[in-house]
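Novice:
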Amino acid sequence: MTPATLPATELPIPDLDWSIASYKGHPTSDGFAYVASLRRNGKKVASVEHDGRGGTVMVFWTTAAKEHRQAWNRWVADYQSLHPENAAYEPESTAVESLIDEYEVAAKLRRATRRETPVLRPGESVLSSGGFTALRGLPDSPEVKAFLRKPDHDFDRFWDGKRWVKL
Numbered sequence: 001m002t003p004a005t006l007p008a009t010e011l012p013i014p015d016l017d018w019s020i021a022s023y024k025g026h027p028t029s030d031g032f033a034y035v036a037s038l039r040r041n042g043k044k045v046a047s048v049e050h051d052g053r054g055g056t057v058m059v060f061w062t063t064a065a066k067e068h069r070q071a072w073n074r075w076v077a078d079y080q081s082l083h084p085e086n087a088a089y090e091p092e093s094t095a096v097e098s099l100i101d102e103y104e105v106a107a108k109l110r111r112a113t114r115r116e117t118p119v120l121r122p123g124e125s126v127l128s129s130g131g132f133t134a135l136r137g138l139p140d141s142p143e144v145k146a147f148l149r150k151p152d153h154d155f156d157r158f159w160d161g162k163r164w165v166k167l
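The sequence shown begins at 1 in this note's numbering and counts up by one.
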């Protein structure tokens with residue numbers, strides 16, 4: 001297996017076949033509840049839900065999705081081997097939540113790109129949904145250049161609209 005990297009969060013994953021779409025979530029008194037579509041190569045193959053009360057992710061497969069379910073189980077196992085630090089957690093939940101993080105971060109980056117807002121991030125290996133900073137001004141504006149000259153920031157990457165570029 002040659003791992004791939006999610007473009008927005010830069011998280012290593014087994015391949016880019018799986019993604020999340022139609023995500024809706026909200027905080028609950030015990031956690032975070034959500035529903036989303038699980039897609040394989042752009043096609044919806046399951047719905048995923050979490051009730052926000054500390055349980056596991058529920059995956060509801062579409063009819064005739066046996067091959068997708070087997071492929072998903074392999075993908076989750078491969079994901080777990082890439083991320084041994086998550087071994088104490090339920091493997092399917094961590095895999096789904098990493099795809100949700102990618103979905104959320106990518107949406108925020110698309111919005112920033114549409115508004116021509118520069119986005120910087122620190123050099124962490126994986127980007128969380130709140131781990132970047134959007135600046136006012138264009139990338140080559142004097143304000144942004146002045147901010148980057150300050151010695152007290154830890155940013156080393158810039159979102160160019162498609163991928164993270166080293167500063």
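All C-beta atoms in this analysis are idealised placements derived from N, C-alpha and C, irrespective of residue type, glycine included.
(1) Helix, strand or coil: which one does DSSP assign to Thr9?
(2) With a CB to CB cut of under 8 Å and the five nearest residues on each side skipped, what residues in its chain are close to Phe32?
(3) Out of Glu67, Val96, Leu120, state which residue places its alpha-carbon closest to the alpha-carbon of Tyr23.
(4) Just verifying my parser: in three-state terms, what is the DSSP assignment at Lys162?
(5) Considering only the alpha carbon of each residue, which of Val119, Ser19, Arg110 lies closest to Trp75?
(6) Judging by CA-CA distance, which residue of Ser93, Arg111, Gln70 is the nearest neighbour of Gln80?
(7) Less than 8 Å separating the beta-carbons of Ser47 and Ser37?
(8) What are the boundary residues of the alpha helix (DSSP H) that includes Ser93?
(9) Which residues in the same chain have their Cβ closer than 6 Å to the Cβ of Leu167, if we skip the five residues on either side of it in sequence?
(10) Give the DSSP bridge partners of Tyr34, in chain order.
(11) With DSSP run on the structure shown, which of helix, strand or coil describes Val57?
Specialist: Taking the structure as given:
(1) Here the question's residue 9 lines up with position 9 in the sequence shown. Annotated three-state conformation of Thr9 is coil, per DSSP.
(2) For the purposes of this step, residue 32 is taken as the residue at position 32 of the sequence shown. These residues qualify, in order along the chain: Gly25, His26, His50, Gly52.
(3) Numbered from its first residue, the sequence shown carries residue 23 at position 23. That would be Val96, whose Cα lies nearest to the Cα of Tyr23.
(4) Counting from 1 along the sequence shown, the entry for residue 162 is found at position 162. It is coil, neither helix nor strand.
(5) One-based indexing of the sequence shown puts residue 75 at position 75. When each option's Cα is compared against that of Trp75, the closest is Ser19.
(6) What you label residue 80 is simply residue 80 of the sequence shown in a count that begins at 1. When each option's Cα is compared against that of Gln80, the closest is Ser93.
(7) The sequence position of residue 47 within the sequence shown is 47, counting from 1. The sequence position of residue 37 within the sequence shown is 37, counting from 1. Yes, these two residues count as a Cβ contact at 8 Å.
(8) Reading the sequence shown from its first residue, position 93 is the one you call residue 93. Segment 91-114, the alpha helix (DSSP H) holding Ser93.
(9) Taking the first residue of the sequence shown as position 1, residue 167 is located at position 167. Around Leu167: Asp156, Phe158.
(10) Looking up residue 34 in the sequence shown gives position 34. Gly25, His50, per the DSSP bridge assignment.
(11) As a working mapping, residue 57 is identified with position 57 in the sequence shown. Val57: coil per DSSP, three-state reduction.
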